[in-house]
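Report on the following structure.
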Amino acid sequence: ASDGPGLPSVWHDVAVHATGATALRIGFSPDGFGGCSVSATDLAGAPVLTAASVRRGTISADQFAPVELSHRDALFQVGWVPAPTGEDRKANERWAVVGNEPTVSTVERSGVPVVGVADFDELDAADIVLLPVTSATGDLAAAAHRSVRDALTSIQQFLRDSKFDDSHLVVLTRQAIAATPDENVAGLADSGVWGLVRSAGSENPGRITLVDIDDEDSSAKVLVTAITDAVTTGEPQIAIRCGNVTAARLTRAKTTEGTRWQLDPSGSGTVLVTGGTGTLGTLLCRHLVERHGVRRLLLTSRRGLDAPGAQELRDELAGLGADVVVEACDIANRDELAGVLAGIPAAHPLSSVVHLAAVLDDGVLDALTGERVDKVLQPKVDAALNLHELTRELDLSAFVLFSSFSGVSGAVGQANYAAANTFLDALAQRRRSDGLPATSLAWGFWEQRSELTGALDATDIARFRREGVIAMTAEHGLGLFDLASTVDDSLVVTAPLDVRAIARGSVPALMRGLVRVPARRVAGNEAVHTAGPGFLEQLTGRSAAEQEKLVLDLVNRHVAAVLGHGSADDVESERGFLELGMTSLTAVELRNRLAADLGLRLPITLIFDHPTPIALVRHVRTEIGADAEQVPLLAELEKLETAVSGSELDAGTRALLVKRLSALQWRLEAVGEQKTEENSEELAAVSDDEMFAFIDKELGRN
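Here the sequence shown is numbered in my numbering, starting from 571 and rising by one per residue.
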């Protein structure tokens, strides 16, 4: 007898033998001590988990109450650690620099042959394409817009042009971010490029690397080596300071005794909250009045008291004892903001600023335009700069910017929004280096729906969960706001993360300081086949129908995962992806999953070019050479590639090899152009042995 339900609560000698099983067979055996041993195997019978003893414990009803998340996995800082080293530069690797002659000289001094071109149109294919971001000059807000727009145009051109399919893009900025605590961020105008490129890299894994460098000669000397290491190790972002190469890592925040900033320490000042009548603004204002005792609030929004709920909020806060003024103001307009600030009574001077205002215009990188970039940057970048410049001579106790985790992590489909927020992060660092108060809070996903998040559906929420992003309740979020004031840093990440979920997937480099995953084999499952290097071997020798079934299973499992279905059986292979509920964001996730599993470089337009699962399957089979007639020929080609890569060829032999391969390419192209039925029949009649004999002859082999 017990007072509550019995649940397995005491486990001994637990061992995890594998990960990735989609179904388990569980076995129980009495252990002779009132408990039982447990063994779990995958459907192939291989062990996944064992426990020598499991005993039940009584669980009381109050233990089922929700437990509030702690700040341990919700409050972070961005640290910079020594970057991993990789392989040496490949022989004959081709480098190119687009649009910046001084960088050409830097690369050449490292002994690397490099081509300098004015733009991508003049560039032939290269292994490493280096794109230096030239620091924009003039008005800072206009320069920040121009820098992000120019980078967007260049990256789109690189990704769209098939001649760069085998190239790696390296975007180089100069002191656009802070990699050490006291940096002034001299390249502030280019800081938005970091958010843009982080998202571009998330949408196109393994194709883009971000590098930020200072002006020290010691840093220039290691630039080529640092880039090579980053590319070969898959490190997406590095910073070079005084010759030291570092990589970004998320670390759990270090709180201090007492607060680092307060909004109204005197009790007689005015707190300005931009975007104060929106969903988050309403939550925050109530919190400031009820929890912090703020008595004078100045709230701005574009519509002022005409905004939905604005009058009710003012009256509610007044009932709590606060003096609240709501102003219609576009804070991106310097004159309008100056007028509002001038209206603050001298008896209650401005004590702090909290900047929440924002606009979204989400879309994958390929769909973004300069206009969509400007639309999102304006209420973030222009407004924050106006607030900074118009208040810098005032004695503020706090200057808090509501940024976003999308800028830190590089959210898919939010490159323009990520750019806007990394500018805020850099501006906060610039202010602190100038001795001014500033903290940028990189928020995760709030549970409360607002104008920014109201369009999200269940598929979007499921995608967040797979990425390890946990929705914040209002109570948790406001608690993080308070706790962030005890962190001595210009950037504090306030985003609850499911570290276990992150560990189950491909762990982003940014998260490698949080997640440590032991090496384990991958569990096997019936009707589930390992993709990647072994997938082609599984197709070899099978009939076309069998091949199609295996590839379809792979595709449908990924489609089911990104759409939140229970299993691949829920996916109708003949229905269009758009009918199934696929969006541009889930399309990117599907493309990235398949590319990672198959080792293919797939276009972002994948589901539009091949609009049903079965059409996509046939395309994938073609791309991986899964047709029975193609596999032997590709295997022979792989032997040739291995032989060439493992040989040291003199100039004469190399020239002869190039000549022979060029002749073979010409012949293959000529065959492809002759589309008559007669030639098609002749080609079909050629046996594998005859084809290999032809290749041997062309390459001079006897």
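Beta carbons are placed, not taken as given, at the ideal position from N, Cα and C, and that holds for glycine.
Excluding the 5 residues preceding and the 5 following residue i in the sequence, name in chain order all residues of the same chain whose CB lies nearer than 6 Å to its CB.
{"i": "Thr803", "result": "Pro654, Gly656"}
{"i": "Asp1139", "result": "none"}
{"i": "Thr1100", "result": "In this predicted model, Thr1100 has a pLDDT of only 40, less than 50, meaning its place in the structure is not dependable; the value taken from the coordinates is given anyway. Closer than 6 Å at Cβ, skipping near neighbours: no residue."}
{"i": "Asp932", "result": "Gly983, Gln984"}
{"i": "Ala622", "result": "His582, Asp583, Ser607"}
{"i": "Ile810", "result": "Ile783, Ser789, Ala796"}
Does DSSP put residue i in a helix, in a strand, or in coil?
{"i": "Met1042", "result": "strand"}
{"i": "Arg840", "result": "The residue asked about is misnamed: residue 840 is Thr in this sequence, not Arg. Thr840: strand per DSSP, three-state reduction."}
{"i": "Ser617", "result": "Here residue 617 is Pro; the residue named in the question, Ser, does not match the sequence. If DSSP states are grouped into helix, strand and coil, Pro617 belongs with the strands."}
{"i": "Ala610", "result": "strand"}
{"i": "Ser738", "result": "Strictly speaking, residue 738 in this sequence is His, with Ser absent from that position. Strand at His738."}
{"i": "Gln633", "result": "With a pLDDT of 49 at Gln633, under the threshold of 50, the modelled position of this residue cannot be trusted; read the value that follows with caution. Gln633 falls in the helix class under three-state DSSP."}
{"i": "Gln647", "result": "strand"}
{"i": "Leu1148", "result": "helix"}
{"i": "Gln984", "result": "strand"}
{"i": "His1128", "result": "helix"}
{"i": "Arg1091", "result": "Only weak support is given to the placement of Arg1091: the predicted model assigns it a pLDDT of 42, under 50, and the value that follows is read from those uncertain coordinates. Three-state DSSP puts Arg1091 in a strand."}
{"i": "Val703", "result": "coil"}
{"i": "Gly845", "result": "coil"}
{"i": "Gly1222", "result": "helix"}
{"i": "Asp601", "result": "coil"}
{"i": "His862", "result": "coil"}
{"i": "His1189", "result": "helix"}
{"i": "Thr743", "result": "strand"}
{"i": "Val1141", "result": "coil"}
{"i": "Asp1004", "result": "coil"}
{"i": "Pro652", "result": "strand"}
{"i": "Pro578", "result": "strand"}
{"i": "Asp834", "result": "coil"}
{"i": "Asp583", "result": "strand"}
{"i": "Ser1154", "result": "helix"}
{"i": "Arg873", "result": "coil"}
{"i": "Ile1184", "result": "helix"}
Please classify residue i as buried or exposed, where buried requires at least 16 neighbouring CB atoms within 10 angstroms.
{"i": "Trp1013", "result": "buried"}
{"i": "Gly1222", "result": "exposed"}
{"i": "Lys950", "result": "buried"}
{"i": "Ser836", "result": "exposed"}
{"i": "Ser1137", "result": "exposed"}
{"i": "Ser979", "result": "buried"}
{"i": "Phe728", "result": "buried"}
{"i": "Ile596", "result": "exposed"}
{"i": "Glu1037", "result": "buried"}
{"i": "Trp831", "result": "buried"}
{"i": "His641", "result": "buried"}
{"i": "Ser599", "result": "exposed"}
{"i": "Ala917", "result": "exposed"}
By Cβ distance below 7 Å, which residues in the same chain neighbour residue i in space, the five residues on each side in sequence not counted?
{"i": "Gly845", "result": "Gly851, Ser871, Leu926, Ala927, Ala928"}
{"i": "Val718", "result": "Gly762, Val763, Leu766, Val943, Leu947, Ala989"}
{"i": "Ser974", "result": "Tyr987, Asn991, Ala1012, Trp1013"}
{"i": "Pro751", "result": "none"}
{"i": "His862", "result": "Leu833"}
{"i": "Asp952", "result": "Ala711, Ala902"}
{"i": "Ala908", "result": "Leu960"}
Please list, in chain order, all residues of the same chain as residue i whose beta carbon is under 8 Å from its beta carbon, the five residues on each side excluded.
{"i": "Val687", "result": "Ala666, Val667, Val668, Gly669, Leu693"}
{"i": "Val801", "result": "Gly656, Ile698, His738, Val740, Thr779"}
{"i": "Glu1247", "result": "Below a pLDDT of 50, predicted positions are generally treated as unreliable, and Glu1247, at 46, falls in that range; the measurement from the model is reported next regardless. Cβ within range, chain order: n/a, list empty."}
{"i": "Leu1276", "result": "The displayed coordinates of the chain run from 571 to 1272. Any statement about residue 1276 would go beyond what the structure contains."}
Report yes or no: is there a C-beta of chain B within less than 8 Å of the C-beta of residue i?
{"i": "Val923", "result": "Absent here is chain B; the protein component of the structure consists of one chain."}
>> Does the stretch 1077 to 1086 come into contact with the stretch 1158 to 1169, if we say contact requires no fewer than three beta-carbon pairs (one atom in each stretch) closer than 8 Å?
In response: no
>> To test your reading of the DSSP string, which unbroken beta strand (DSSP E) runs of 3 or more residues are found completely within the stretch 747 to 831?
In response: 778 to 783, 807 to 811, 814 to 822
>> Runs of 3 residues minimum, wholly inside the stretch 1052 to 1085: which ones carry the beta strand (DSSP E) assignment?
In response: 1061 to 1064
>> What ranges does the alpha helix (DSSP H) occupy inside the stretch 881 to 931, keeping only unbroken runs of at least 4 residues that lie completely in it?
In response: 904 to 912
> Can you list the beta strand (DSSP E) stretches of 3 or more residues lying completely in the stretch 923 to 973, in chain order?
Replying inline: none
>> Check whether the stretch 778 to 787 and the stretch 996 to 1015 touch, using three or more Cβ-Cβ pairs below 8 Å as the test.
In response: no
> Does the count of Cβ pairs from the stretch 640 to 651 and the stretch 816 to 826 closer than 8 Å reach three?
Replying inline: yes
> How about the stretch 1041 to 1049 and the stretch 934 to 943: do they share at least three Cβ pairs that are nearer than 8 Å?
Replying inline: no
> Fully enclosed by the stretch 655 to 732, which alpha helix (DSSP H) runs are 4 residues long or longer?
Replying inline: 671 to 678, 710 to 730
> Does the count of Cβ pairs from the stretch 730 to 737 and the stretch 954 to 971 closer than 8 Å reach three?
Replying inline: no
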